[in-house]
Amino acid sequence: MTQHPIGILGGMGPEATILLQRKLVEAVPVSDDRDHIPLLIDMNTQVPSRIAHLIDAAGEDPGPTLAAMARRLQDAGAVALAMPCNTAHHYAKAITDAVTVPLLNMVELAADHAVGTLGKGGCVGVLASPAVRRTGLFETALQARGLSTVWPTDDDAMLAAIRAIKVNGQSDKARETLRASSRALAKAGADLQFVACSEFSLIADSVADDANAVDTIDLLVRAIVNFSQTGRHAR
Numbered sequence: 002m003t004q005h006p007i008g009i010l011g012g013m014g015p016e017a018t019i020l021l022q023r024k025l026v027e028a029v030p031v032s033d034d035r036d037h038i039p040l041l042i043d044m045n046t047q048v049p050s051r052i053a054h055l056i057d058a059a060g061e062d063p064g065p066t067l068a069a070m071a072r073r074l075q076d077a078g079a080v081a082l083a084m085p086c087n088t089a090h091h092y093a094k095a096i097t098d099a100v101t102v103p104l105l106n107m108v109e110l111a112a113d114h115a116v117g118t119l120g121k122g123g124c125v126g127v128l129a130s131p132a133v134r135r136t137g138l139f140e141t142a143l144q145a146r147g148l149s150t151v152w153p154t155d156d157d158a159m160l161a162a163i164r165a166i167k168v169n170g171q172s173d174k175a176r177e178t179l180r181a182s183s184r185a186l187a188k189a190g191a192d193l194q195f196v197a198c199s200e201f202s203l204i205a206d207s208v209a210d211d212a213n214a215v216d217t218i219d220l221l222v223r224a225i226v227n228f229s230q231t232g233r234h235a236r
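Mind the numbering: the sequence shown is residues 2 to 236 in this note's numbering, read in order.
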């Protein structure tokens with residue numbers, strides 16, 4: 002089977018990019034190295050902070066850097082792009098305007114999954130950075146499909162957990178923050194929850210035991226495998 006190379010806009014953060022790669026390795030049955038998905042990875046840890054730009058309103062716009070990465074990946078032969086950072090999807094237009102290959106948009110993939118799972122009228126809880134909420138990315142995509150959205154109420158705790166994972170990796174405190182937020186979303190009426198921060202993807206097994214939860218990186222993995230194997234974007 003011909004496998005088409007996928008370009009990964011990575012480094013946001015590095016562990017999330019490695020997690021995506023590991024999940025892709027595990028997602029494909031293989032008998033030889035050639036059966037794996039070919040990836041072109043731009044592990045750019047110098048992308049300006051999305052949190053600084055969106056929350057602190059003091060940081061550099063990441064859009065031009067992401068656009069330059071997208072062009073490099075297309076020039077290197079990528080037939081589609083993917084980005085394992087939910088917040089960075091706020092800058093998706095800068096990416097798609099810079100290239101002619103498609104971006105496998107994780108937010109749109111999640112919204113499609115939600116409406117396919119719940120149907121119109123369902124309620125989706127989003128476990129993500131407060132920066133993601135400020136962008137309105139998930140609300141816009143979900144509302145367009147007839148779904149409502151609920152969020153954790155303690156922005157400071159969520160942001161502190163994300164920053165701690167970036168610096169120190171997984172911790173019991175970060176896990177408890179995610180678990181408590183997941184429980185709160187379930188009580189608030191969420192029929193489905195998205196782990197929609199790639200730092201939280203590293204501890205996605207810490208959601209509430211009874212939560213119907215999906216990691217958006219897993220949805221991206223599915224889309225990457227499909228596009229690489231078929232050359233088509235099935236959402």
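In this text, a Cβ means the ideal position worked out from N, Cα and C, and glycines have one as well.
Q) Can you list the beta strand (DSSP E) stretches of 3 or more residues lying completely in the region 84-140, in chain order? A) Taking 3 residues as the minimum length, the beta strand (DSSP E) runs contained wholly in the region 84-140 are 124-128, in order along the chain.
Q. Quick check: the region 90-110 against the region 122-130, are there 3 or more CB pairs under 8 Å?
A. The region 122-130 and the region 90-110 do not touch, with fewer than three beta-carbon pairs separated by less than 8 Å.
Q: From the DSSP output, in three-state form, read off Gln194 for me.
A: Looking at Gln194 - three-state DSSP - the assignment turns out to be strand.
(Q) For Met159, report the span of its alpha helix (DSSP H) as first-last. (A) Counting along the chain, the alpha helix (DSSP H) containing Met159 begins and ends at 156-169.
Q) Which word fits Asp216, buried or exposed, when buried means at least 16 other C-beta atoms lie within 10 angstroms of its C-beta? A) Answer is buried; the Cβ neighbour count reaches 16.
Q) For the candidate residues Ser183, Ala189, Gly190, whose alpha-carbon lies nearest to that of Ala197? A) Among Ser183, Ala189, Gly190, the Cα nearest to that of Ala197 belongs to Ser183.
Q: Just confirm the distance between the C-beta atoms of Ala17 and Glu200, as a whole number of angstroms; I'd bet it's less than 8 Å.
A: So it is a contact: roughly 7 Å between Cβ atoms.
**Q.** Ranges of the alpha helix (DSSP H) found wholly within the region 31-86, counting only runs of at least 4
**A.** Within the region 31-86, the alpha helix (DSSP H) runs of at least 4 residues that lie entirely inside it are, in chain order, 64-76.
Q | Rounded Cβ spacing between Leu221 and Met107 (contact assumed at less than 8 Å) | A | So it is a contact: roughly 5 Å between Cβ atoms.
Q.
I'd like to confirm the pairing. Which residues does DSSP put opposite Ala214 in its beta bridges?
A. As a beta-bridge residue in DSSP terms, Ala214 pairs with Gln194.
**Q.** Residue span of the alpha helix (DSSP H) that contains Ile204, given as start and end
**A.** Per DSSP, Ile204 lies in no alpha helix (DSSP H) and is assigned neither H nor E.
Q: Tell me whether Asp43 is buried or exposed, calling it buried when 16 or more other Cβ atoms sit within 10 Å of its Cβ.
A: That one is buried.
(Q) Please classify Pro85 as buried or exposed, where buried requires at least 16 neighbouring CB atoms within 10 angstroms. (A) Pro85 should be labelled buried.
Q. DSSP three-state call for Ser182: helix, strand or coil?
A. In the three-state reduction of the DSSP assignment, Ser182 falls in the helix class, which pools H, G and I.
**Q.** Assumed close pair Ile7, Leu40 - CB separation to whole angstroms, cut-off 8 Å
**A.** Between Ile7 and Leu40 the beta-carbon gap is near 6 Å, inside 8 Å, which marks them as a contact.
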